[in-house]
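Number of protein chains: 2
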Amino acid sequence: MAKTNQKWHERFRDRGLRFTQPRRVILDVLDNTADHLSAEEIYMRVHKKYPNIGLTTVYRNLITLERMGIVTKFHFGDGCHRFELIENKKKPDHHHHLVCTGCKRIIDYDDFMDEEIEYIKKVESALSRKHSFNITDHVIQFYGLCKKCKAA
Amino acid sequence: MAKTNQKWHERFRDRGLRFTQPRRVILDVLDNTADHLSAEEIYMRVHKKYPNIGLTTVYRNLITLERMGIVTKFHFGDGCHRFELIENKKKPDHHHHLVCTGCKRIIDYDDFMDEEIEYIKKVESALSRKHSFNITDHVIQFYGLCKKCKAA
DNA sequence: TTAATAATGATAACCGGTAGCAATTAGTAA
DNA sequence: TTACTAATTGCTACCGGTTATCATTATTAA
Ligand SMILES: [Mn+2]
Ligand SMILES: [Mn+2]
Ligand SMILES: [Zn+2]
Ligand SMILES: [Zn+2]
């Protein structure tokens, strides 16, 4: 914990940013969940222990964390953005998402990552050449109904 | 044009829905562009020729068209939804998207669709089994910088 | 310790999208 | 054609997620 904080501290310092209490707390929340939390959900968890930290601060820092490459922002089709710590021990390193359109549950999966990486490489190199594009990221999501929602 | 309208008319009638002027106009806009328009952009094009058609009507009908499977709704990371006619002569049938995070340009591509369909099938069957999921849809998007935005 | 300034928190504003509702219109049956 | 009925429209007000403002506070390097 202490050493992790040390690591975060350095990453902020290297950019001329400060390692504030709100940032510490937000990172702690994100590191201790396997969920894909919205800004408000993060705020509520933060608020429980630190009621003086504001919602705006959470929003602002999520943007900052995304810019720093610490957090990834997703859009799963409900009306808000959801966030995930990139280096989170509770999750597979490189994974994608399976989303239930009924109950909105989100499942991380990393099956067939080898095939996928191969496919992605192919597409990326072809599209890079064809369109002079510099591809930096991708989104792959599957939508459907989970067991419960199928039955209901 | 006339026969196409006839076809639309039938699809609406089959569901007990009416083929109204706003719907005609919205479909016309969507069929005559290769772009991925937002609701407001569609509204503006509609508004030029039919200033009496309201924005709310456009929003409502886009939902209807999506439910009917005539239109697909996307989210590319700018703050709005974008829509595309599924059967549009100006576009490849089954395609995915390349998005410039700089200028927000969206490129349709259908390279490597065979490989992709194979990969998707594999993942879908594996995930369906593993999580008892009924997969109905997927999103695959590549993000990066286009030629111009790279240079700038 | 202190000065410089990054960051915060409260509030108000913004913006894409919806709900409510009276007025209109498309489709059907006479 | 006409009349009827329910679907649809176009206002307007409203909503929820997110962002701008700005005076105040807290972090950090010197
Ligand atoms: Mn995840
Ligand atoms: Mn497209
Ligand atoms: Zn579900
Ligand atoms: Zn660009």
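Protein chains in written order, with the numbering used here: chain A, 3 to 154; chain B, 3 to 154. Backbone N, C-alpha and C define an ideal beta-carbon position, used for all residues, glycine too. Computed from a prediction, not measured in an experiment: that's the story for all the values here.
When only Cα atoms are considered, B/Y111 and A/T6 end up about 42 angstroms apart. The beta carbons of A/F14 and B/L129 sit no closer together than 8 angstroms. Among the residues of chain A, none has a CB under 7 angstroms from the CB of B/F21; the nearest is roughly 28 angstroms distant.
Interface residue (Cβ-Cβ distance to chain B less than 8 angstroms): A/H140 is classified as such. Interface criterion not met: the Cβ of A/I88 is under 8 angstroms from no Cβ in chain B.
Contact check for B/R107 against B/L39 fails: the beta carbons are separated by 8 angstroms or more.
Under the Cβ criterion of 8 angstroms, A/D16 is not counted among the residues facing chain B. As DSSP reads the structure, A/E86 sits in a beta bridge with A/T74. An exposed status is given to B/A153, since fewer than 16 other beta-carbon atoms sit within 10 Å of its beta-carbon. In the DSSP annotation of this structure, A/H96 is not part of any alpha helix (DSSP H), being labelled neither H nor E. Judged by DSSP secondary structure, B/T138 falls within the beta strand (DSSP E) whose first and last residues are N136 to L147. Straight-line spacing of the CA atoms in B/D116 and A/C148 works out to 27 angstroms.
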